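Residue numbers (this note's numbering): 8 to 386.
Using N, Cα and C, we set each Cβ at its ideal position, and we do this for glycine too.
Bear in mind the structure is a predicted one, so any value in this text is a computation, not a measurement.
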Ligand SMILES: Cc1ncc(COP(=O)(O)O)c(C=O)c1O
C-alpha cells in the first residue's frame with residue numbers, strides 16, 4: 008500500500024470510529040452556534056449551492072474577515088480559500104521557486120514547508136524548542152538566517168504546537184527584518200482567537216506581509232474547508248491570478264462563516280472559557296504524573312504540549328495506547344523531526360468530559376505506553 012493510501016486508511020478508520028475523542032487536530036468540537044447551523048441549513052435547503060460563489064468570496068464575508076482582524080484601515084483585502092491550508096499553498100506558489108529560501112521555525116506547521124520544497128525552495132527551520140529562548144523565535148536568530156534569497160518568512164503565530172504568541176514589538180522586529188531582505192512575512196494566524204493579545208502583522212507592515220486565517224479552529228468548521236488570506240490589494244490581485252480555486256470556495260461554508268463572525272464575541276467567550284478550563288485540568292493532571300511536564304503554559308492555542316521524555320516513553324506509544332481507548336492525541340514527530348521524540352500534543356476546544364477521560368486515564372496510559380516498544384506507524 009502506498010503511504011498516501013495507508014495515511015488515508017488511518018484517517019478513514021478514525022472518522023468511522025463512533026465516539027472518537029478528537030484531541031489531536033486542534034479542531035473544535037463544541038456544538039455549533041444555532042445561528043451558524045441555521046445559516047448553513049438554510050443555504051442547503053434553498054439549494055443555492057447549484058451556483059458557484061464569487062471567485063474571491065462573498066463581498067460581505069471578505070469585508071467581515073478584514074474587520075475581524077482589525078486591519079481595515081490598512082486597506083487590506085481578503086481572498087476566501089478552502090481552508091487556511093489553501094491560502095498558504097497559494098502564497099508559497101506566488102513566492103517560492105528554485106534559488107529561493109523559505110525561513111520558518113522548528114516546530115512549525117509542516118505542510119507549507121512541504122509546498123515550498125515542492126516548488127524548489129530551500130526550507131530553513133530555526134529551532135525554538137528551547138527554554139533558553141522561551142520557546143520562541145528571536146529577532147537575532149531570524150536576522151542571522153535571512154538573506155537576499157529569502158522570499159518567505161513563515162511565522163505560525165500562535166505557534167502550533169508550542170502555543171507561544173508574539174507581541175507587537177517582536178512582530179515589528181520581524182517585519183523590519185523581512186523588509187530589509189525583501190521577503191514576504193506570512194503570519195499564520197490560525198490560532199489567534201485563542202491568544203491573550205495577538206498582534207496582526209498587517210497593522211505594522213501593510214505591504215510586504217500576509218495573514219492567513221481559518222474557520223476550522225475557533226468556529227469549528229474544519230470539515231467545511233474555509234479560510235482566507237488577507238493582504239494588500241496588489242498581493243491579493245496577484246494571488247487571484249495564480250489561484251486554482253477560480254470557481255470560488257464552498258457557498259455553504261461561506262454562509263456558516265458569515266454567521267459565525269456575526270456572533271463571534273458571544274461564541275468565543277463560551278469556547279474560550281471551556282478551552283481554558285480544559286487546559287487547566289490537563290495542566291493539573293500532568294503536574295501529578297511522574298515524568299510528564301507542560302513546557303509552555305498558558306498556551307495561546309487550543310492545545311497543550313506534554314513532554315514525555317523523562318517518563319521514558321515514546322510519544323508514538325502514548326498516542327497509540329490512547330487510540331486504543333478511542334482518544335486521538337498527536338505525537339510530536341507529526342510536527343518536528345528534530346524534537347518529535349520529546350512530546351505529545353493534546354487539543355482542548357472539546358467537551359469537558361473528553362478531557363476528564365483523558366486525564367483520568369493518563370497514569371495508566373503512561374504505564375501501558377512504557378511496555379509498548381514498537382507502536383504502529385502514526386500520521
Ligand atoms: C498552523 C496551522 N495553519 C493552518 C492550518 C490549516 O487550517 P485549515 O483547516 O483552515 O486548512 C492548521 C491546521 O491544523 C494549522 O495548525
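Would you mind giving the Cβ-Cβ distance between residue 249 and residue 217, rounded to the nearest angstrom? I have them listed as a contact below 8 Å. Actually they are not in contact, since the Cβ atoms of residue 249 and residue 217 sit about 13 Å apart, beyond 8 Å.
Can you grab the Cα-Cα spacing for the pair residue 206 / residue 79, in whole Å? Taking the CA atoms as reference points, residue 206 sits about 14 Å from residue 79.
Answer yes or no: the CB of residue 95 versus the heavy atoms of ligand 1, is any distance below 8 Å? Set against 8 Å, the gap from the CB of residue 95 to the closest heavy atom of ligand 1 is smaller.
Going along the chain, which residues of its own chain have a beta-carbon closer than 6 Å to the beta-carbon of residue 274, five neighbours each way excluded? Within the same chain, residue 274 has close Cβ partners 40.
Distance between residue 214 and residue 186 (C-alpha atoms, nearest Å): Each residue's Cα considered, the two are about 9 Å apart.
8 Å contact criterion, which residue 198 and residue 167 should meet: CB distance rounded: Yes, residue 198 and residue 167 are in contact; Cβ-Cβ is about 6 Å, under 8 Å.
Is the beta carbon of residue 115 sitting closer than 9 Å to the one on residue 159? No, Cβ-Cβ distance for residue 115 and residue 159 is not below 9 Å.
Using C-beta distances below 6 Å, list every residue in its chain close to residue 180, excluding the 5 sequence neighbours before and after it, in chain order. Apart from the 5 residues on each side of it in sequence, residue 180 sits with its Cβ closer than 6 Å to the Cβ of 146 in its chain, given in chain order.
Please name the residue in 345, 334 and 369 whose C-alpha comes closest to that of residue 358. Closest option to residue 358, judged by alpha-carbon separation, among 345, 334 and 369: 334.
Mapping the DSSP letters down to three states, classify residue 29 as helix, strand or coil. It is a strand residue.
Check whether the stretch 361–374 touches the stretch 54–66, counting contact only when three or more Cβ pairs, one atom from each stretch, lie closer than 8 Å. Flag = no, the stretch 361–374 and the stretch 54–66 do not touch.
Between the CA atoms of residue 12 and residue 19 - distance to the nearest angstrom: Taking the straight line from one Cα to the other gives about 10 Å.
First and last residue of the uninterrupted beta strand (DSSP E) at residue 235: Going by DSSP, residue 235 is part of the beta strand (DSSP E) stretching over 234–238.
Kindly indicate which three-state DSSP category residue 194 falls into: helix, strand or coil? Residue 194: strand per DSSP, three-state reduction.
Do you know whose CA, among 290, 37, 21 and 326, lies nearest residue 228's CA? It is 37 whose Cα lies nearest to the Cα of residue 228.
Could you check where the beta strand (DSSP E) with residue 113 kicks off and where it finishes? Note, residue 113: beta strand (DSSP E), 108–113.
Does the stretch 334–350 come close enough to the stretch 281–296 to have 3 or more Cβ pairs within less than 8 Å? Too few Cβ pairs lie closer than 8 Å, so no.
Which residues in the same chain as residue 343 place their Cβ atom closer than 6 Å to its Cβ, once the five residues preceding and following it in sequence are excluded? Counting only residues of its own chain and dropping the five nearest sequence neighbours on each side, residue 343 has a CB closer than 6 Å to the CB of 113 and 114.
Cβ-heavy atom distance between residue 367 and ligand 1 below 8 Å? Incorrect: residue 367 has no Cβ contact closer than 8 Å to ligand 1.
For residue 216, which three-state DSSP category applies? Three-state DSSP puts residue 216 in a strand.
Using DSSP with H/G/I as helix, E/B as strand and the rest coil, what is residue 355? Of the three classes helix, strand and coil, the one that applies to residue 355 here is coil, per DSSP.
What are the boundary residues of the alpha helix (DSSP H) that residue 72 is part of? Start and end: 66–76.
Reduced DSSP secondary structure (H/G/I, E/B, other) of residue 161: Three-state DSSP puts residue 161 in a strand.
When DSSP labels each residue in this structure, what does residue 368 get in the three-state scheme? Helix.
Only counting the same chain, and skipping five residues up and downstream in sequence, which positions put a Cβ closer than 6 Å to that of residue 202? Result list for residue 202: 165, 172 and 307, in chain order.
From 134, 251, 87 and 219, residue whose alpha carbon lies closest to that of residue 260: Comparing Cα positions, the closest option is 87.
What is the rounded straight-line gap between the Cα of residue 226 and the Cα of residue 232? Pairing residue 226 with residue 232, the inter-Cα distance amounts to about 12 Å.
Near residue 30, what residues of its chain come up, given a Cβ to Cβ distance below 7 Å and the 5 sequence neighbours on each side ignored? Around residue 30: 334, 335, 336, 353, 354, 357, 361 and 365.
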